[in-house]
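Sequential numbering of the sequence shown, starting at 1, is according to the UniProt record's numbering.
Backbone N, C-alpha and C define an ideal beta-carbon position, used for all residues, glycine too.
Owing to the predicted nature of the structure, the values given are computational and were not obtained by experimental measurement.
Structure, as structure tokens:
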Amino acid sequence: MGNLIGALKLLGWSNQTLTPNREEDFVEKNIGFPCRVVTGNKAVQSVFDIDLFRKEEFHFGVAKIRKDFTKGVCPSVTSNGKIHEKNKGFLIEVMSKAYGEILASTASAVLSNISKWGSKPSDFEVKLTAVVVDALFPTVFGKSKPPFNAEEVDLYADGAIELRSDILEAIAGEDLDKTRQALLSILGKIKTSERYRKLMDLGKSHGLGEEEATAQLLFSVVFNGLRGIRGNLLTSFARLDTISAEDREELREEALAALKKHGGLTPEALEEMPKIESFVLEALRAGPSPDFFSTIATRSTTVKYTTESGQREVEVKEGERVYASSYWALRDPAVFDKPEDFVWRRFLGPEGEARREHHVIFHGRLTDTPAANNHMCPGKDVALSVIKGSIAILNTFFGWELQEPPVWTGTKIARGSQPDNEVKTKSFWVQRPEDLKEIFPSHFDDIRDMTTCG
Ligand code: HEM
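In structure tokens:
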């Protein structure tokens, strides 16, 4: 019963069931399984040591991965040891190639999607998913015919995981026919994509057979990549609604100057947008997705960490589950002043630079580098480029009114970092059309038509 009640509490109140007592960390709790819940920033960072903490294969916290959605191959994110090193080495190389194309692809995805939105875009969250799919997927797979489609990709990502508790899963009673069709369709598109053979050769050079390499790409790009970027882009977009018009203008001026100077969304232009970067990092701090890291102690060990009352240490037994909350680590007042406030300048200047040591959203510090021998996200740089680039373009050239103000309570597990309430737009329009025409001339006519006909 303990497991069921624990799972129900987590499903019902999400991060708020884990609200820390900052005097303590590594608290024993049942969240669907008995574990140690870790919430302090320094203590959470201790789980990044892969000698001490390993992944539970095919599981994330209260969720498990459906094996038939990965062709039975354990995804890199929950694999360990030598197998993880092969998977991760491959994915790091795939993502570093994608990084070279991601900004051009992002600008094109944002603007070509907007040209189809009209002035009253409905189903805005699905529309934003399409932006992410169009920005990310071609940089990995090249062209695919027919192209990947946002609805089916979302269906796959929803269907790929289920609840760990069989009882709760039976109550949820999902119909998987459509998600299985989506899986087959996506696999077909991956296998006929422009770069498939090259990707398979790359996989081979890392010791991965075709089945394994395909499954790693499928789960990494369609689940980790899409879900990671989509949730955090939506939350960043919604946060724009919570800052003043003057602050929005300040962000706009910075981005516009950089885009004009470099003739588009280039790496050099993004370099010259520290305010946009700080805004996005703060949005990801205030509402990170994913919001936890779930691990298992590889051996009995003593972990040293700091709390408000000073240095502490804790004995963790071999095999004990450790659930590290990035949501609370990013709200630790020991490292982030007034953590409940949204302070978009928090990551500016030398002090803001130093705060990157505590920003753990990517399962590592922002100053760390993903590697085959750690579990840090290999999509970090690509993901940040998509989010920063999209926010820069949206805020600079477009205006919108939401149907209701976004709200974040940390109680809605299914929403992750996204606002509790679905983001719906009442109206959407172009601003600074002359600048848009000058910087992105090939998209301008289509977008101008959108505002006049919508
Ligand atoms: C803002 C967007 C993203 C965020 C916040 C994010 C965050 C994370 C986190 C926290 C982990 C570790 C999970 C854990 O250990 O429990 C992770 C792992 C991973 N992510 Fe991301 N991710 C994002 C985007 C992406 C993208 C774009 C890709 C690739 C297309 C990607 C691919 C992966 C993979 C393959 C792993 C497993 C790493 C390993 O095996 O060591 N992620 N990501």
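Practice prompt. Kindly identify the DSSP beta-bridge partner or partners of Ser427.
Written response: Glu401
Worksheet entry | Pairwise C-alpha distance: Ser244 and Cys453 | In this prediction, Cys453 scores a pLDDT of 45, lower than 50, which makes its location untrustworthy; no coordinate-derived value is stated.
Item to complete: Return the CA-CA distance between Thr425 and Pro405, expressed in angstroms with no decimal places.
Response: 10 Å
Practice prompt. Give me the Cα-Cα distance between Lys437 and Tyr156, rounded to the nearest whole angstrom.
Written response: 37 Å
Fill in: Residue from Ala286, Thr129 and Pro378 with nearest C-alpha to Tyr99
Pro378
Worksheet item: Do you know offhand how far Pro419's Cα is from Ser205's?
Response: 42 Å
Fill in: Per DSSP, cross-strand counterpart(s) of Arg321
Ile296
Discussion item. Please tell me whether Ser115 and Trp429 are closer than 8 Å, where the distance is taken between their beta carbons.
Written reply: no
Discussion item. Just list the residues that DSSP pairs Gly209 with in beta bridges.
Written reply: Beta-bridge pairing links Gly209 to no other residue.
Worksheet item: When burial is assigned at 16 or more other CB atoms within 10 Å of the CB, is Ile102 buried or exposed?
Response: buried
Discussion item. Between residue 458 and the ligand HEM, is there a pair consisting of the residue's CB and a ligand heavy atom that are separated by less than 7 Å?
Written reply: An answer regarding residue 458 cannot be provided, because it is not within the stretch 1 to 454 covered by the chain.
Discussion item. Would you say the beta carbon of Lys189 is closer than 7 Å to some non-hydrogen atom of the ligand HEM?
Written reply: no
Practice prompt. Compute the minimum distance between the beta carbon of Pro290 and the heavy atoms of the ligand HEM, and state whether it is under 7 Å.
Written response: yes
Discussion item. My parser needs the beta strand (DSSP E) runs of 3 or more residues fully inside the segment 335 to 402; what are they?
Written reply: 398 to 402
Worksheet item: Contact check, Ser46 vs Val303 under 8 Å by CB: the rounded distance?
Response: 5 Å
Worksheet entry | Straight-line gap, Leu11 to Asn232 (C-alpha atoms, nearest Å) | 20 Å
Worksheet item: Within the present structure, is the beta-carbon of His359 separated from the nearest heavy atom of the ligand HEM by less than 7 Å?
Response: no
Practice prompt. Verify whether the separation of the beta carbon atoms of Leu184 and Gly159 is less than 8 Å.
Written response: no
Fill in: Ala414, enclosing beta strand (DSSP E) - first and last residue
From DSSP, Ala414 is part of no beta strand (DSSP E); its letter is neither H nor E.
Worksheet item: Which of helix, strand or coil does DSSP assign to Ala160?
Response: coil
Practice prompt. Check the C-beta distance from Val314 over to Phe26 and give it rounded, since I have them as a contact under 8 Å.
Written response: 4 Å
Item to complete: Evaluate contact between the segment 8 to 23 and the segment 254 to 264, counting only Cβ atoms and requiring at least three cross-stretch pairs below 8 Å.
Response: no
Practice prompt. List the whole-angstrom C-beta distance separating Ser278 from Leu348, where the pair is believed to meet the contact cut-off of C-beta under 8 Å.
Written response: 5 Å
Practice prompt. Return yes when the C-beta of Asp294 is under 7 Å from any heavy atom of the ligand HEM, and no when it is not.
Written response: The identity of residue 294 in the sequence shown is Ser, whereas the question assumes Asp. Answer for Ser294: yes, Cβ within range of the ligand HEM.
Worksheet item: Mapping DSSP to helix, strand and coil, what is Cys453?
Response: For Cys453, the pLDDT reaches just 45, beneath the cut-off of 50, and the residue's location in the model is therefore unreliable, although a value from the coordinates is still provided. If DSSP states are grouped into helix, strand and coil, Cys453 belongs with the helices.
Worksheet item: Using a Cβ-Cβ cut-off of 8 Å (strictly less than) and excluding sequence neighbours within five positions of Glu211, which residues of its own chain qualify?
Response: Lys71 and Val73
Worksheet item: Any heavy atom of the ligand HEM closer than 7 Å to the Cβ of Phe33?
Response: no
Fill in: Start-to-end residues for the beta strand (DSSP E) that takes in Gln311
Gly310 to Val316
Item to complete: Can you give me the start and stop residues for the beta strand (DSSP E) that Asn30 sits inside?
Response: Val27 to Asn30
Worksheet item: Near Phe293, which residues of its chain fall below 7 Å by C-beta distance, leaving aside the five closest residues on each side in sequence?
Response: Val47, Ala324, Ser326 and His363
Worksheet item: Skipping 5 residues on each side, what residues in its chain have a beta carbon closer than 6 Å to that of Ile161?
Response: Ala63 and Ile65
Fill in: Close-in-space but distant-in-sequence residues of the same chain around Val251 (CB under 7 Å, 5 per side omitted)
Checking the displayed sequence, the identity of residue 251 turns out to be Leu instead of Val. Hits under 7 Å: Lys275, Ile276, Phe279 and Asn395.
Worksheet item: Which whole-angstrom value is the C-beta distance of Asp332 and Asn41, which I expect to be below 8 Å?
Response: 4 Å
Worksheet item: Asp445 and Phe397 look like a contact to me (Cβ under 8 Å); what is the Cβ gap, rounded to whole Å?
Response: About 14 Å separates the two Cβ atoms, so there is no contact after all.
Worksheet item: Under the rule that 16 or more other beta-carbon atoms within 10 Å means buried, what is Ile186, buried or exposed?
Response: buried
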